[in-house]
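Q: Could you have a look at this structure, given as structure tokens, before my questions?
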Amino acid sequence: PLSTEPLSTQTVSTKSSDDNDSNPIPLSSPKTRQLADTSSTTASASETTGDEVHLDPVPQSTSGSDLSSQSYVTTKAQSVSESAPLEAEVTKWYQYPRAWIKGWDSHAEFGLDGSDGNANTLAMQAGLELKRKTERYTVGVDVNYRQASSRSITTEQNGRFNMNFDRLLGDTSWSAFTKHGMEWDKFKPFDLRLNLNGGFGYYWLRSDTSTFATRFGAGASREIGAPMDDWIPEAVFGMEAERQLTSRQKLKGKLNYFPAWEDFGDYRLVSDLSWEILLDGSENLSLKLAATDRYDSTPQGAKPNDVYYSLLLLYKF
């Protein structure tokens, strides 16, 4: 606590060489200097915090308490207008699927045809494709299902699932890739066909409007439920191309060759070709003309070649 004793000052007289007038100069006592140092320290601390400092005298307390002092420091904080904090954005559970697909080039497709009269047929195809392409990698997922019947008898029923991941290696045109595929067909001599492959690829062309790449690697495939239900080591050679012909037309194609390492005469050959045409007056509705050829050199009792062609309505989202 500061002392409550009156401040004392001393004066010293200085005499000019020209006259005999004395100019008294007040000298502060140690107690005065202590009070000044205290006020200076408080003012300095206030400046660092942006506060305003007032030094006002306080009358002595008749009770002799610590509140009695020659001066005291009052600090007044500057008024700062602060805006209300922004509310945190909360994603609802039903918004997660749509938030997840942002940045993906995705579409759903559906086609239907039939006849009634001398021939009673019905054919249906549906699919979903998700694709994300960045400067460093490309990832894609596609699912397809086909069913056809004649006179209420199912003549075709199959489904496919494919997942591909391709990543560029540094600043080169080389890439590393992985492929995973599943195929189910009611009229094939297996319950489920699996294939896992990986390797390297080279982009001969990669831009926003054109892509052309070749790939090679290795992996294995297995036909679950077939007479030869074993993992078979196989190689993979493939190529893929995509071209934006105009602002409303796109052409895509790919070819993959899977020969067994032990015998290159035992192989599978899969090719896909599609042409997409954006409908007039629409930004996300297109017609898709597609053809798929699947050849298996060891069909195990079934026909070795299957060709699928379709005209689909495609909706991008």
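If you use my numbering, the sequence shown corresponds to residues -14 to 302, in order.
A virtual CB, placed ideally from N, CA and C, is assigned to each residue, including glycine.
Return the bridge partner residues of Glu168 from the DSSP annotation.
A: The count along the sequence shown starts at 1 and reaches residue 168 at position 183. In DSSP, Glu168 forms a bridge with Arg145 and Arg178.
Q: Out of Thr194, Met167, Thr140 and Gln132, which has the shortest C-alpha to C-alpha gap to Asp176?
A: Within the sequence shown, the letter at position 191 stands for residue 176. Considering only alpha carbons, the answer is Met167.
Q: Just to confirm, is the Cβ distance from Ala205 to Glu227 under 8 Å?
A: The count along the sequence shown starts at 1 and reaches residue 205 at position 220. The count along the sequence shown starts at 1 and reaches residue 227 at position 242. No.
Q: For Ser282, collect the residues of the same chain with a Cβ closer than 7 Å to its Cβ; drop the 5 residues on either side in sequence, then sort them by chain order.
A: Reading the sequence shown from its first residue, position 297 is the one you call residue 282. So the list reads Gly250, Asp251, Tyr252 and Pro289, once near-sequence residues are dropped.
Q: Which runs of the beta strand (DSSP E) at least 3 residues long sit entirely within the region 114 to 164? Give them in chain order.
A: Segments of the beta strand (DSSP E) lying fully in the region 114 to 164: 122 to 135 and 138 to 153.
Q: Could you check whether Ala211 and Gln142 sit closer than 8 Å to each other, using their CB atoms as the reference points?
A: Mapped onto the sequence shown, residue 142 falls at position 157. Mapped onto the sequence shown, residue 211 falls at position 226. The answer is no: Cβ separation not under 8 Å.
Q: How about Leu274 and Leu296: are their beta carbons less than 8 Å apart?
A: Indexing the sequence shown from 1 puts residue 274 at position 289. Indexing the sequence shown from 1 puts residue 296 at position 311. Yes, Cβ-Cβ distance for Leu274 and Leu296 is below 8 Å.
Q: Do the region 180 to 197 and the region 151 to 168 meet, that is, are 3 or more Cβ pairs less than 8 Å apart?
A: Judged by Cβ distances under 8 Å, the region 180 to 197 makes contact with the region 151 to 168, as three or more pairs qualify.
Q: Starting from Arg200, follow the beta strand (DSSP E) in both directions and report where the run begins and ends.
A: Taking the first residue of the sequence shown as 1, we reach residue 200 at position 215. Where Arg200 is concerned, the enclosing beta strand (DSSP E) stretches over Ser195 to Ile209.
Q: Please say whether Arg279 and Asp265 have beta carbons closer to each other than 8 Å?
A: As a first step, residue 265 is located in the sequence shown; it is residue number 280 there, counting from the start. As a first step, residue 279 is located in the sequence shown; it is residue number 294 there, counting from the start. No.
Q: If we ignore side chains and look at the alpha-carbon of each, how far apart do Leu179 and Met224 end up?
A: The residue labelled residue 179 in the question sits at position 194 within the sequence shown. The residue labelled residue 224 in the question sits at position 239 within the sequence shown. Cα to Cα, Leu179 sits roughly 21 Å from Met224.
Q: Whose CA, out of Phe95, Lys87, Lys77 and Thr76, lies closest to the CA of Leu270?
A: Position 285 of the sequence shown, counting from 1, holds the residue named residue 270. When each option's Cα is compared against that of Leu270, the closest is Phe95.
Q: Where does Trp189 sit, in a helix, a strand or coil, going by DSSP?
A: Position 204 of the sequence shown, counted from the first residue, corresponds to residue 189. DSSP places Trp189 in strand when its eight states are reduced to three.
Q: Take Leu97 as the anchor and find which of Thr277, Ala133 and Phe222 has the nearest alpha-carbon.
A: Residue mapping note: residue 97 aligns to position 112 of the sequence shown, counting from 1. Per the Cα distances, Ala133.
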